[in-house]
Amino acid sequence: MPLSDNEQRLLEQMERALYAEDPKFASAMRGANRRPGAGRRLAIGGTGIVLGLVVLVFGVANNNIPVGVLGFVCMLGGTAYAVSSKRRGPVGVVNAAGAVRPPVKRKASKGSFMQRLEQRWDRRRDER
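Okay, here's the thing in structure tokens:
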């Protein structure tokens, strides 16, 4: 059931308010877009998983441990390939205007672990 014009307008106002109030949260909630090659990566990864499972079962059935380990590694590689994605496009934080701000590169501070945590805490508190 489609939204009425009034409901669409209210939804757009709420989205703009969310972006204005907390752009980091809004960009995180936007979610990952499916890439055109995602289906192909899943198919190749799934094939690797099935092939690894067959090799694993064959190795266990013949009491051949190296073949079973090879099958497990193949399954692990197929899973890693299927769930990974190529990173494309701009990387950074979406600001209130909708533009992408590149991440800030900071020099490593030469303090203790607790001092670095306190510095990070102060930076995050100042950003709000």
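Numbering-wise, the sequence shown is residues 1136 to 1263 according to this note's numbering. We treat Cβ as the ideally placed atom computed from N, Cα and C, and that holds for glycine. Remember, it's a predicted structure, so these values are computed and weren't measured experimentally.
- [ ] Check whether the Cβ atoms of A1173 and S1219 sit closer than 8 Å, and answer yes or no.
- [x] To locate residue 1173, count along the sequence shown from 1; it is residue 38. To locate residue 1219, count along the sequence shown from 1; it is residue 84. No. Outside cutoff.
Task: Beta-carbon proximity list for L1186, same chain, < 7 Å, skipping 5 on both sides - done: Here residue 1186 refers to the residue found at position 51 of the sequence shown. Around L1186: C1209.
Task: Between the CA atoms of P1137 and R1144 - distance to the nearest angstrom - done: Here residue 1144 refers to the residue found at position 9 of the sequence shown. Here residue 1137 refers to the residue found at position 2 of the sequence shown. Distance between the alpha carbons of R1144 and P1137: 13 Å.
Open item on the list: On the CB-based measure, 16 or more other CB atoms within 10 Å of its CB, does L1153 come out buried or exposed?
Closed with: Locating residue 1153 in the sequence shown gives position 18, counting from the first residue. Exposed, since its Cβ has fewer than 16 Cβ neighbours within 10 Å.
TODO: Would you kindly work out how many angstroms separate the C-alpha atoms of G1267 and D1257, rounded to a whole number?
DONE: As displayed, the chain neither begins before 1136 nor continues past 1263, which places residue 1267 out of reach and without an answer.
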